[in-house]
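One structure is given here, and the rest of the page talks about it.
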Amino acid sequence: MQGFASSLVSVAFHGIAYGMILYVISVGLSVTMGLMGFVNLAHGVFAMTGGYVMLSAMSRYDVPFPLALCLAFVLVAAASVVLERLLYARLYSAGDLEQVLLTIGLIFMAVAAARLAYGTLQQPVNLPPYLKGQFALFGRDFPAYRVFLVAFSSVLVAVLWFGVERTRWGAKVRAAVDNRAMAQAIGINTSLLFTVTFALGSGLAALGGALGADIIAIQPIYPFENLITFLIVVAVGGMGSLRGPFVAALLIGISDTACKYWLPQFGAFFIYAATIAILLWRPAGLFGKASQ
Amino acid sequence: MTGPAHTGSYLSDPRVRPMEWLPWVLALVCYFAAPTYLPLGSYILIMILFALSLDLILGYAGIITLGHAAYFGFGAYVAAILAVRVTADPLIGIAVAGISAGLLGWLTGLVILRMRGLTLLMLTLAITSICYEIANKATALTGGADGLGGFNMKPILGLFKFDLFNKTGYLYCLLFLFVAWWLVRRIIYSPFGASLTGIRENVARMHALGSPVYQRLVAVYTISAALAGVAGGLLTHTTEFVGLKVLSFDLSGDLLVMLILGGVGRIYGAFVGPVVYLLAQDSLAKQFPEYWYFGIGLMLVLVVMFARGGILGIVDRLLLRIRRGNT
Amino acid sequence: MTPALETRNLCKHFGALTVAEQINFKLDAGARHALIGPNGAGKTTFVNMLMGGLAPSSGAILLGGVEVTRQSQRQRVKHGLGRTFQINSLFRSLTVVDNVSLAVAERHGVAWGMFRPAGRYRSVVDESMQLLDTLGLLEDAKLSLAALPYGKQRLVEIAIALGMRPKVLLLDEPAAGIPSLESHRILEVLDALPKEIAILIIEHDMDLVFRFARKITVLAQGAVLMEGSPAEVSSDARVRQVYLGERRE
Amino acid sequence: MLTRIIACVASMIFAASAGVAVAQTVKIGLISTYSGPTAAQGDQLDKGVKLFMKLNGSKLPPGVKVELVVRDDAGANPDNAKRIAQELIVRDKVQFLTGLVWTPNAASIAPLAAEAKVPFISMNAAGVGIPYTSDYFARVSFTLWQSSYPLGQWAGKKYKRAYTMVSDFAPGHEAEEAFIKGFKESGGVIVDSVRVPLAATDFSAYMQRVKDAKPDVLFGFNPAGKQATAQMKGFADLDLGKAGVKYIGPGDITTDEELQGMGDVALGVMTVHHYSAAADRPANKAFVAAYKKEYGANLNPGFMSVGAYDAMQLIFDAINAQKGKMDPQATMQYIKSYKNANSPRGPIAIDPETRDIMQNEYLREVRKVGGQLANVEIEVVGKMVKDPWKQLNPKK
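Chains as they are written, first to last, in my numbering: chain L, 26 to 317; chain A, 3 to 329; chain C, 904 to 1152; chain F, 5 to 400.
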């Protein structure tokens, strides 16, 4: 019994760590999909790029870890502005199909570019010494880096939620998600709002990719391999919602870990089955706006 | 007036135009002129059939799916398991593959086709992923990640043996493609086809007309799944092997790319796309296997930004310009 | 005589918000009836409930005396309910005649046909052509819908609804977006509609309403404010107040 | 399509007008993985092949040339691989088929090679049963029984309780089966076994399961590459070493090209394998030096590169033996008695009965040599080991 309780703690811990990373990466996708109605399958590209930026900054230029994280955020956010203005913005009013195609195309290109620049090998992650080792909690050892992950992501989530709930920008975003035409009518510059939000979402994805490099390996095929997971987080959580993907990401993180721990012979079967069940029960996701 | 694109319309002339025989003539010419290309040729024919099945639901009924490989793969595995365990007769195999994929399409269609947009996209993805996981884990039945092989197909009708050069296989695939083409063409020109176009164009209005939208979608989805299953069965028969790739998201993605490249919702886009894509892959992937991906990605972006009708769309526009220039 | 369409105590709440309150409404056979009311009076909600797009919280809807409250849009259409849309809801990439044919084919019950080419269903095509002829659209029949000027698209909107041969027709702002100079064309078309169809028109263009309708129902804040002949309505103090009150804001 | 046909016709005319070919060209069809998630492994093969061609590409009889026809199978994708092989045979008319990272792919090609009578040499794919399905198949890489069975026997004497964790595909199942057999024969007990999906990247849940079961030793297997790193990372993250679990496996878990990326946690991991970049045989030192000169001082050749290199050596030897006039049957006859005393991995030979590889198996430990992690060979646990599985399951 005690054994079971302690494995429960471990599963919950690893599941939360994984779920937090999924959330930090996917929340931007949720907001941009809700806000702009844009089916951005290429979101994983930003996460991967964030991972590469951080890892190469650390290994090639000896940039300290915290600075490398910031660098990943800033560079990817900046790059995403260029992409948004150049490509995405032209397809806001186009159909889902065009958006799907454009972003699949971007994935293909990013995968090839990453191979060109970094080769196919998975990038080694060399953590700073203060984040290595184990961290004792409730009489069990936990990997220190994952404890840091959970703590850091929690702070990030808190800041993000505060930002969206309490700032002027957040109010505008919420208004525009609710009703774009109305937001435009009351004088919100939606085009600027989209760009800023998109950049922030991409930056967060980069941060998530960098932070999670230890859990979700950074390699060229990253955007394809994890696409389904990110999409599940958004679809199950509900597009445009902040809380929904959070719940969904934790659910997926924990249940994935639990399946691996207790029922490894079933693989990812349960995750997909649960996704289908939830979407049939609530087509707009757990916290999504019911469609008209 | 109707354009060169084949749309379901009460005005369009349903007779087969001379140009529409061109693909078949070319296919036969290839059979004699390029006998060493027949393995690739058979694969192209199979992908054309698969793309045609996707065009029916994506191009005509407007269902965006990233999971059509589920039906293709299901057909492929059914054909393989049947050959290993029951009978290696190819025609029975194709029939069973098509019917069972159709059944799967019908069942899943009943469940998912009430949804739209991202939710539908996700459901199609999740269904393929589940099929993939099952095939991966049911090792005893499917061979898991190692694939399923070790069977030899019997000669077709006891007469035509599958050979190393794939001559039989090529004609076998061509025959089924022809039948499927005829069927799809009929459907598209029928009132049913017209109502599918209506659903794609304006689903709210179709509801207001009292059209049984959901039932229509389930019906076309079932037909499309059955065709995809036939394509999968053909792949199993011509390669006498089936692996997990046939159920993968990658395959659905590649298929989508091929169809888009050719042109959506115009029947022959499903012919042009796979030919161009697979021939390009065949030559480029040989010379630059590592960077083939980049070109495909760039092409997709360019098609979306500048050439929305795909290759056939570009041809249309060129023809239009030439005609205008003449008058 | 049974009314063509009737609602009994129809209510709709969104949480604490009431958008339809105890609406009792009758549309007689062959009626020319208008529904008016200021913005936000609940007209759109009411129409959506009639069509089956929105489920009422309580109350009943009857079509020709048959209760259809829980029936789908499709079943209601079978019972003879048709509508047009306030914002054009057409098949833009199809030809004009195909737009109408889709409706006619559904009514003929041939839209499931998968093997005979659509063009061979002569009765469908002929009927669609005839319909376009009565609306003066015959020469545009083979054009792509997107190529038509806006005013003519509004007429196609009506043509599609007529293709369904409805017993009850809901016209949702048929003149919306049309300059008042051209709205007489719409009125001509409306006047020429078959007498046996019961018509409910929702419209902002008061000119059109008063020239077309023989009976008017005024909706305000989700409830029926009054009902009567055009003359009664125009002279009613409460109606004036509702409209003027709103204008003052 | 049209240009294809034109090109085809043109080349026919050209071939006819050129008359008798001056030089004898031997075509080798190389099928490997250049794209997709497992391109890293294909890259290893490619590096071995290219290095061989650079060093030895001209060591052929006069007038004989070799042409490599390279094709991408994009990962474990057997039907695609089979089609490619078919094309190489009928269109390119290759006289050898080789390459193959993946067992499923090789298994789908093997019967085809027999049907077309094209000698087929596996550079890597290790599925143990493949030679039985095709008389034209030979292997210069390894089987997992060769390494995991002796490892099990050795570990069974030192440790009591073992946990096995393998990738869920045929080679994984073989490694698991071989190890368990050896381990039990030496008196050990298997606590539990888990099979991890081929696509897994995060092993922490599985490792937690191991940790809670408290075995003495964890036997791991994965198809090398990123999985090896991920599995090692999972082991490290949960600090299983400190919890008293010893990590062992075939050499795939500490593959030389990935070893530096794994970090110090790999120290002390014991493996049995046929090749280590750190081995001090002269032939290996020369090979490693050439490899580093070609691809950079930081990159170690892995066993896959060596497999590719040795396979090319075998093919070249076969060409030289027949002076470029290739006869498939003679080639297979030659291969069956093939010996190479000077492979980087030590002496190797082909078992005439099974056409499978015979080679030494070394017990190794990960240690630091000159500041770099290395698989240091401690002892030879088996000399010229024949595949044990085929000894146990002779072909009927």
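By construction, the Cβ of each residue, glycine as well, lies at the ideal position given by its N, Cα and C atoms. Fair warning: this is a prediction, and the values are worked out from it, not measured in the lab.
Quiz item: Does the segment 945-952 of chain C come close enough to the segment 1132-1141 of chain C to have 3 or more Cβ pairs within less than 8 Å?
Solution: As far as the Cβ criterion goes, the segment 945-952 of chain C does not touch the segment 1132-1141 of chain C, which means the pair count is below three.
Self-check item: Residues, ordered as in the chain, of the segment 35-58 of chain A that lie near chain F by beta-carbon distance below 7 Å
Solution: Within the segment 35-58 of chain A, the qualifying residues are A35, A36, T38, Y39, P41, L42 and Y45.
Quiz item: Going by the beta-carbon positions, is the gap between C:G1022 and A:Y191 smaller than 9 Å?
Solution: To locate residue 1022 of chain C, count along the third sequence from 1; it is residue 119. To locate residue 191 of chain A, count along the second sequence from 1; it is residue 189. A contact, by the Cβ cut-off of 9 Å.
Practice problem: With 9 Å as the threshold, decide whether the Cβ of F:V26 is near any Cβ in chain A. | Solution: In the fourth sequence, the residue the question calls residue 26 of chain F occupies position 22. Legend: pLDDT at F:V26 = 48, less than 50; position of this residue unreliable, value from coordinates given subsequently. Not an interface residue.
Exercise. Assign C:W1081 to one of three DSSP states: helix, strand, or coil.
Key: As a first step, residue 1081 of chain C is located in the third sequence; it is residue number 178 there, counting from the start. What sits at residue 1081 of chain C in the sequence shown is Ile, not Trp. Three-state DSSP puts C:I1081 in coil, outside helix and strand.
Quiz item: Does A:A147 get closer than 9 Å to chain F when you measure Cβ to Cβ?
Solution: Here residue 147 of chain A refers to the residue found at position 145 when the second sequence is read from its first residue. Yes, its Cβ sits closer than 9 Å to a Cβ of chain F.
Quiz item: What is the DSSP secondary structure of F:A78, counted as helix, strand or coil?
Solution: Position 74 of the fourth sequence, counted from the start, is the residue given in the question as residue 78 of chain F. Looking at F:A78 - three-state DSSP - the assignment turns out to be coil, as it is neither helix nor strand.
Self-check item: Within-9 Å CB hit, A:K156 to chain F
Solution: Taking the second sequence and counting its residues from 1, the one referred to as residue 156 of chain A is at position 154. Not a single CB atom of chain F sits nearer than 9 Å to the CB of A:K156.
Quiz prompt | Range of the contiguous beta strand (DSSP E) that encloses F:N344 | solution = The residue given as residue 344 of chain F occupies position 340 in the fourth sequence. Note, F:N344: beta strand (DSSP E), K343 to S347.
Quiz item: Just by C-beta distance, which residues in the segment 100-128 of chain F are closer than 7 Å to chain A?
Solution: Of all residues in the segment 100-128 of chain F, those with a C-beta nearer than 7 Å to a C-beta of chain A are T107, P108, A111, S112, E119 and A120, reading in chain order.
Exercise. Name the residue from F:I319, F:N344 and F:F187 whose alpha carbon lies nearest to the alpha carbon of F:L64.
Key: In the fourth sequence, counting from the first residue as 1, residue 64 of chain F sits at position 60. Checked all of F:I319, F:N344 and F:F187; the closest Cα to F:L64 is F:I319.
Quiz item: In three-state DSSP terms, what is C:N951?
Solution: The residue you call residue 951 of chain C lines up with position 48 of the third sequence. Here C:N951 sits in helix by DSSP.
Quiz item: What first and last residue would you give for the alpha helix (DSSP H) that runs through A:S66?
Solution: Translated into the one-based positions of the second sequence, residue 66 of chain A becomes position 64. The displayed chain sequence assigns Ile, not Ser, to residue 66 of chain A. Annotation for A:I66: no alpha helix (DSSP H) segment contains it, and DSSP assigns it neither H nor E.
Quiz item: In or out: F:A110 buried (at least 16 other Cβ within 10 Å) or exposed?
Solution: Counting from one through the fourth sequence, the residue named residue 110 of chain F turns up at place 106. Classified as buried, F:A110 has 16 or more neighbouring CB atoms from the shown chains inside 10 Å of its CB.
Quiz item: Taking Cβ positions only, does L:R85 come closer than 9 Å to chain F?
Solution: Along the first sequence, read from residue 1 onward, the residue named residue 85 of chain L stands at position 60. Not one chain F Cβ lies under 9 Å of L:R85.
Quiz item: Can you tell me the Cα-Cα spacing of L:L100 and L:L60, whole angstroms?
Solution: Looking up residue 100 of chain L in the first sequence gives position 75. Looking up residue 60 of chain L in the first sequence gives position 35. Straight across, the Cα-Cα distance linking L:L100 with L:L60 is about 23 Å.
Quiz item: Is the segment 118-134 of chain A touching the segment 87-105 of chain A in the sense that three or more CB pairs, one from each, lie closer than 8 Å?
Solution: Contact fails: fewer than three Cβ-Cβ distances are below 8 Å.
Quiz prompt | Whether F:V73 touches F:K121 by CB criterion (9 Å) | solution = Here residue 73 of chain F corresponds to residue number 69 of the fourth sequence, with the count starting at 1. Here residue 121 of chain F corresponds to residue number 117 of the fourth sequence, with the count starting at 1. For the pair F:V73 and F:K121, the CB atoms are not nearer than the 9 Å cut-off.
Quiz item: So which residues of chain A does L:F294 contact, with C-beta pairs closer than 8 Å?
Solution: In the first sequence, the residue the question calls residue 294 of chain L occupies position 269. Going along chain A in sequence order, the residues near L:F294 (Cβ under 8 Å) are I132, E135, I136 and K139.
Quiz item: Below 9 Å between beta carbons: does that hold for F:S197 and F:W158?
Solution: The residue you call residue 197 of chain F lines up with position 193 of the fourth sequence. The residue you call residue 158 of chain F lines up with position 154 of the fourth sequence. In this structure, F:W158 does not lie closer than 9 Å to F:S197 by Cβ.
Quiz prompt | Interface partners of A:V248 on chain F, CB under 9 Å | solution = Within the second sequence, the letter at position 246 stands for residue 248 of chain A. Chain-ordered, the chain F residues with CB closer than 9 Å to the CB of A:V248 read D83.
Exercise. Quick one: residues in its chain with C-beta nearer than 6 Å to the C-beta of F:D76, no 5 flanking neighbours on either side, listed in chain order?
Key: Walking along the fourth sequence from the start, residue 76 of chain F turns up at place 72. Closer than 6 Å at Cβ, skipping near neighbours: Y38 and S39.
Quiz item: For the segment 246-258 of chain A against the segment 67-80 of chain A, are there 3 or more C-beta pairs whose distance is under 8 Å?
Solution: The segment 246-258 of chain A is in contact with the segment 67-80 of chain A.
Self-check item: In DSSP terms, what F:K372 is bridged to
Solution: For the purposes of this step, residue 372 of chain F is taken as the residue at position 368 of the fourth sequence. According to the DSSP secondary-structure assignment, F:K372 is paired through a beta bridge with F:L377.
Quiz item: What do you reckon, are the CB atoms on L:I41 and L:V175 nearer than 9 Å?
Solution: For the purposes of this step, residue 41 of chain L is taken as the residue at position 16 of the first sequence. For the purposes of this step, residue 175 of chain L is taken as the residue at position 150 of the first sequence. With contacts defined by Cβ atoms closer than 9 Å, L:I41 and L:V175 form a contacting pair.
Quiz item: Does the pairing of the segment 388-400 of chain F with the segment 342-355 of chain F give three or more beta-carbon distances under 8 Å?
Solution: Because the criterion of three Cβ pairs below 8 Å is met, the segment 388-400 of chain F and the segment 342-355 of chain F touch.
Quiz item: Is F:I134 closer than 9 Å to F:A107 when the C-beta atoms are compared?
Solution: By one-based count along the fourth sequence, residue 107 of chain F stands at place 103. By one-based count along the fourth sequence, residue 134 of chain F stands at place 130. With the sequence shown as reference, residue 107 of chain F is identified as Thr, and Ala is not the correct amino acid for it. Yes, the Cβ-Cβ distance between F:T107 and F:I134 is below 9 Å.
Quiz item: According to DSSP, what are the bridge partners of C:R986?
Solution: Taking the first residue of the third sequence as position 1, residue 986 of chain C is located at position 83. For C:R986, the pairing in a beta bridge is given by DSSP as C:L1073.
Quiz item: So, using beta-carbon positions, are A:H70 and A:S226 closer together than 9 Å?
Solution: Looking up residue 70 of chain A in the second sequence gives position 68. Looking up residue 226 of chain A in the second sequence gives position 224. Cβ atoms of A:H70 and A:S226: closer than 9 Å.
Quiz item: Counting along the chain, where does the alpha helix (DSSP H) carrying L:R171 start and finish?
Solution: Numbered from its first residue, the first sequence carries residue 171 of chain L at position 146. Per DSSP, L:R171 belongs to the alpha helix (DSSP H) from A169 to R191.
Quiz item: Are the Cβ atoms of F:D206 and L:G158 separated by less than 9 Å?
Solution: By one-based count along the fourth sequence, residue 206 of chain F stands at place 202. By one-based count along the first sequence, residue 158 of chain L stands at place 133. Cβ atoms of F:D206 and L:G158: not closer than 9 Å.
Quiz item: So, is the C-beta of F:G40 closer than 9 Å to a C-beta in chain D?
Solution: Within the model displayed, chain D is absent; protein chains L, A, C and F are what it includes.
Quiz item: Residue range of the alpha helix (DSSP H) that L:Q366 falls in?
Solution: A query on residue 366 of chain L cannot be resolved here, the shown segment of chain L reaching from 26 to 317 and no further.
Quiz item: Per DSSP, C:L1056 forms a beta bridge with which residues?
Solution: Residue numbering aside, residue 1056 of chain C sits at position 153 when the third sequence is read from its first letter. This sequence places Gln at residue 1056 of chain C; Leu is not what is there. Answer is none; C:Q1056 lacks a bridge partner.
Quiz item: In angstroms, rounded to a whole number, what distance separates the CA positions of L:L232 and L:I132?
Solution: Within the first sequence, numbered from 1, the residue matching residue 232 of chain L stands at position 207. Within the first sequence, numbered from 1, the residue matching residue 132 of chain L stands at position 107. Approximately 19 Å between the Cα atoms of the pair.
Quiz item: Is any beta-carbon of chain A found at less than 9 Å from that of C:G1022?
Solution: Here residue 1022 of chain C refers to the residue found at position 119 when the third sequence is read from its first residue. At least one beta carbon of chain A lies nearer than 9 Å to the beta carbon of C:G1022.
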